[in-house]
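First residue of the sequence shown? That's 1 in UniProt numbering, and the numbers climb one at a time after it. Note that the Cβ used here is the ideal one computed from N, Cα and C, for glycine as well. It should be emphasised that the depicted structure is a prediction, and the values quoted were computed from it without experimental measurement.
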Amino acid sequence: MPLVYVLGGITLLCAALAFTSMARRIRHPGGLYSLVSHGLGPAAGLGVAVVVLISYLGSIVSLYAVFGLTFSALFTDAFGHDLPVEVSAVAGAVVISLLGLVPLRRVIWLLGGLLTAQIVVLLWFDVRALQLPMQHEDFIAPLHPGWLFSGSFGIALCFAVTAFIGLDTSLNFVRDVRRPGRSVPFAAYLAGALMTAASALSAWAVGAATSGQARAAVAPDDVAATAGTTGQSLFTLIGRIVGPEHATGIGRLIMWTLLLATVGTAVVLHKAVNRQLAGLSGDGVLPSSFGLGTRGPVRLIVPAIAAIGAVAVVATGDRIYALWLGLASGLGITGALTLTSIGAVFWFLRTGEGETGVGGWEVRVVAGALSTVVTGFVFVFGLLRLTSVFPPAGGRPSWLLAVLIGTAFVFGVVTALVLRSTRPSVYASIGRASGSADPGPGVEPSGPGAHPGVADQANVPWTETSSWPADAVAK
């Protein structure tokens with residue numbers, strides 16, 4: 001369903017247009033939760049902060065588990081000896097944690113190289129798939145819009161939108177670049193466009209290669225069964241597409257590419273989590289020991305929890321847990337994006353008169369509204385139906401996703417309400433602490449007066465009278 005990936009990509013780009021436009025004037029390392037705090041209030045902001053932290057941590061656990069499974073298989077293939085998956089997962093946690101300590105300006109080149117290698121391998125595979133003998137009808141069949149009205153559209157859209165999760169991490173690095181007003185939107189749009197194009201092209205190539213005449217050429221007997229399973233069956237299908245003589249080599253190449261992609265993604269998430277914690281520390285919610293640049297055992301908390309979680313996941317012997325955890329984390333971020341989109345709409349209605357970007361504040365409001373509808377649908381549909389995709393298991397009841405995400409959000413909201421009663425100054429600074437919003441030397445200005453005619457609220461304490469959408473309507 002390549003069109004579903006296109007729809008998912010457009011949705012995330014609309015969300016990116018809304019939240020990166022806010023980030024031009026709100027300089028805070030907290031990312032999504034800071035924007036929600038400005039749009040919907042500190043209580044909702046802290047609720048989103050907890051959801052995002054739990055979701056990022058779940059994604060890291062899933063990536064550690066995938067690293068362990070993949071590296072263990074590659075080790076056995078290369079040396080003929082079994083390497084426990086738990087050992088591989090812990091080794092991956094150590095390597096990724098060490099890379100997470102490398103300054104961003106240095107590790108960015110490594111991440112760029114990993115991304116380039118992945119794109120090259122993906123394009124080569126797609127071209128090989130499209131070169132298989134096939135009828136013209138089979139070639140264009142995956143592009144037929146009828147796919148959008150099939151019974152599996154909702155599930156496919158859930159997978160498509162959660163596959164693009166990661167664009168939101170660009171907000172956590174607004175203080176790491178010299179010109180965030182340009183660099184952050186450019187990075188988000190470029191990443192979104194590349195991910196959309198690559199995902200849609202791959203879906204088209206595999207869809208065309210597994211239909212009609214090409215389907216018979218690829219796997220005359222059991223391609224349907226192969227395409228419908230996971231794990232080794234996927235590599236079997238890939239081997240049949242590229243030919244049996246290249247199956248082993250291409251299988252190894254795909255696994256190494258997956259391993260490198262896992263490392264790159266986990267490093268970015270590590271840095272995003274560190275900045276999220278630093279944002280909460282700057283706001284006064286967490287101790288100052290969580291600030292960026294600090295040293296001490298607190299820096300080992302996230303890697304240690306993630307490593308323990310990964311060992312627990314792989315110890316179950318059920319590889320589906322890693323995929324389930326990754327998708328569950330993606331749904332958590334999707335829910336956070338929904339609230340961020342709503343907050344962006346209200347924020348631009350209140351303060352967007354001075355927006356100088358293409359289309360003005362009106363385009364941002366429309367983009368935020370569209371993102372709200374689609375991400376909200378994906379979030380609710382995913383909570384209700386996504387668990388039905390996985391094989392039944394006692395540890396994955398259908399209600400578990402909603403309980404996990406809901407509990408995290410409620411915990412954050414309740415904590416914020418307690419802070420409002422006990423430490424009102426901290427409550428008022430959630431997502432907007434002056435220490436966190438200081439742009440630093442040589443950086444594009446973002447404080448009051450940086451954008452004439454715009455009421456920049458980055459350093460203004462929260463007041464209840466400025467929070468309600470009714471104020472925006474009145475304006």
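Tell me whether residue i sits in a helix, a strand or coil according to DSSP, three-state version.
i      : result
Gly228 : With a pLDDT of only 41 at Gly228, under the threshold of 50, the placement of this residue in the model should not be trusted; the figure read from the coordinates follows. The answer is coil: DSSP assigns Gly228 none of H, G, I, E or B.
Met1   : coil
Arg27  : coil
Leu259 : helix
Leu99  : helix
Gln118 : helix
Gly92  : helix
Pro133 : coil
Gly41  : coil
Ser425 : helix
Leu284 : Looking at the sequence shown, residue 284 is not Leu but Gly. The answer is coil: DSSP assigns Gly284 none of H, G, I, E or B.
Ser55  : helix
Pro142 : helix
Leu104 : helix
Taking 8 Å as the cut-off, decide whether the C-beta atoms of residue i and residue j are in contact.
i           : j      : result
residue 480 : Ala336 : Residue 480 falls outside the range modelled here, since the chain spans only 1 to 475, and no answer is possible.
Leu325      : Gly58  : yes
Leu259      : Leu17  : no
Pro29       : Leu143 : no
Leu300      : Arg275 : no
Tyr64       : Gly92  : yes
Gly431      : Ser37  : yes
Ser55       : Ser341 : no
Ala198      : Leu277 : no
Tell me which same chain residues have a C-beta within less than 6 Å of the C-beta of residue i, skipping the five on either side of it?
i      : result
Asp126 : Leu201, Ser202, Ala205
Ala433 : Gly282, Asp283
Leu13  : Gly192
Ser97  : Pro303
Met195 : Phe164
Ser170 : Val184, Ala187, Ala188
Tyr321 : Val313
Tell me which residue opens and which closes the alpha helix (DSSP H) that residue i is part of.
i      : result
Ile165 : Careful: Ile165 lies outside any alpha helix (DSSP H) and carries neither H nor E.
Glu362 : 360-385
Ser329 : 320-351
Ile430 : That residue, Ile430, is in no alpha helix (DSSP H); it is neither H nor E in DSSP.
Thr294 : Careful: Thr294 lies outside any alpha helix (DSSP H) and carries neither H nor E.
Arg420 : 400-422
Ala193 : 180-209
Val314 : 301-315
Note down, in chain order, each residue of its chain lying with its Cβ closer than 8 Å to the Cβ of residue i, except the 5 sequence neighbours on either side.
i      : result
Met255 : Thr70, Ala73, Leu74, Phe235
Arg128 : Ile241, Val242
Ile250 : Phe125, Ile238, Gly239, Val242
Phe379 : Leu331, Thr334, Gly335, Thr338
Val268 : Leu111, Gly166, Thr169
With a CB to CB cut of under 7 Å and the five nearest residues on each side skipped, what residues in its chain are close to residue i?
i      : result
Val61  : Ala306, Gly309, Ala310, Val313, Leu325
Ala191 : Leu167
Ala408 : Val50, Val51, Ile54
Thr162 : Leu327, Gly330, Leu331, Thr334
Within 8 Å of any Cβ in chain B, is that where the Cβ of residue i sits?
i      : result
Gly282 : In the displayed structure, chain B is absent; only one protein chain is listed.
Item checked: Cβ contact check for the region 43-52 and the region 403-415: 3 or more pairs under 8 Å -> Cβ pair count under 8 Å is three or more, so yes.
Notebook entry, point to check: Is the region 19-29 touching the region 175-183, taking contact as three or more C-beta pairs under 8 Å?
Noted result: These segments touch.
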